[in-house]
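To start, the structure under review is shown below, and the notes come after it.
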Amino acid sequence: MLKESKYRTAYACEGRQLRITCDPGHMIHLLRANYGRFSISICNEHGNLDWSVDCTSTSSFNVIKDTCGMKNSCSLSASPALFGDPCPGTPKYLEAHYQCVPEKSSVTPSTSTTTSTSSSTSTSRPSIIIPVTPNRNARPHHVAPPSAPPSPSTTHAAITLRDATSEAATVASATTTVTTLLVDVTTTLADSLLMMLSGTPETSGLRHQ
Numbered sequence: 001m002l003k004e005s006k007y008r009t010a011y012a013c014e015g016r017q018l019r020i021t022c023d024p025g026h027m028i029h030l031l032r033a034n035y036g037r038f039s040i041s042i043c044n045e046h047g048n049l050d051w052s053v054d055c056t057s058t059s060s061f062n063v064i065k066d067t068c069g070m071k072n073s074c075s076l077s078a079s080p081a082l083f084g085d086p087c088p089g090t091p092k093y094l095e096a097h098y099q100c101v102p103e104k105s106s107v108t109p110s111t112s113t114t115t116s117t118s119s120s121t122s123t124s125r126p127s128i129i130i131p132v133t134p135n136r137n138a139r140p141h142h143v144a145p146p147s148a149p150p151s152p153s154t155t156h157a158a159i160t161l162r163d164a165t166s167e168a169a170t171v172a173s174a175t176t177t178v179t180t181l182l183v184d185v186t187t188t189l190a191d192s193l194l195m196m197l198s199g200t201p202e203t204s205g206l207r208h209q
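At the far end of the sequence shown sits residue 209, using UniProt numbering, and the numbering has no gaps.
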């Protein structure tokens, strides 16, 4: 509502009364105020040019707000007795920039719109539940029971049996090797003995000569 209200300005030369009035049903909302001089042309009937235009009273806004804020009308004096004398020797004036707002409106934006918006955005779509139809043709899935881990005694016996089997295989291999060597030695000795007993044909011929 404040943005739609008309921006207004009121002036009062030093020593005169500043009057601010709003239409019925409206209140004064003060925007900015100053007692001093920012312009060389306001309240300068004779066109003087040697006045200070950087003159401001720091209490201007609070004094006018306390007197006129949120009222339908008000009046106060543009006097150094009320605002002090920020620039001695320079004629001053009182200015007020304000808006007239409806009485039911507040300075801060209304929260009713925010509440209605949040409530409207909080609605959600109902959840859709799709029933699951069981497949009667599917075969039941049988889960095999977990096998129990072997006991420590069984594991130890298996390791012992494996070691015994390995040792037996090693002994059998060694026995086979020894047997083969014995057979070879026996065969060689037999051949040598046979040759010694019978002699070769060359040896027999030499003996007859």
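C-beta atoms are modelled at their ideal positions from N, C-alpha and C, and glycine is treated no differently.
Less than 6 Å between C-beta atoms, sequence neighbours within five positions excluded: which residues of the same chain meet that for residue i?
i	result
Thr9	His97
Cys43	Cys13, Tyr93
Met70	Met27
Lys65	Leu30
Under a three-way DSSP split, which group does residue i fall into?
i	result
Gly53	A small fix is needed here, since residue 53 is Val in this sequence, not Gly. Coil at Val53, not helix or strand.
Glu95	strand
Thr170	helix
Thr21	strand
Ala78	coil
Asn48	coil
Give me the Cα-Cα distance between residue i and residue j, rounded to the nearest whole angstrom.
i	j	result
Leu193	Asp184	14 Å
residue 213	Leu197	No answer is possible for residue 213: the residues shown for the chain start at 1 and end at 209.
Ser79	Leu94	8 Å
Lys6	Ile28	11 Å
Arg162	Thr179	26 Å
Pro24	Asn72	7 Å
Val101	Gly15	29 Å
Gly84	Glu103	32 Å
Cys22	Leu49	35 Å
Leu82	Ser39	21 Å
Skipping 5 residues on each side, what residues in its chain have a beta carbon closer than 7 Å to that of residue i?
i	result
Gly36	Cys55, Thr56, Ser57, Pro86, Cys87, Lys92
Ile20	Ala10, Ile28, Cys68, Ser73, Cys74, Ala96, Tyr98
His46	none
Residues in the same chain with beta-carbon distance under 8 Å from residue i, minus the five sequence neighbours each way, listed in chain order, please.
i	result
Thr67	Cys74, Leu76
For residue i, list the residues DSSP reports as bridge partners.
i	result
His26	Pro102
Cys13	Tyr93
Does any C-beta atom of chain B lie closer than 8 Å to the C-beta of residue i?
i	result
Asn34	Any reference to chain B falls outside this structure, which holds one protein chain only.
> Three or more C-beta pairs closer than 8 Å, one from the segment 85-97 and one from the segment 44-62: is that the case here?
Replying inline: yes
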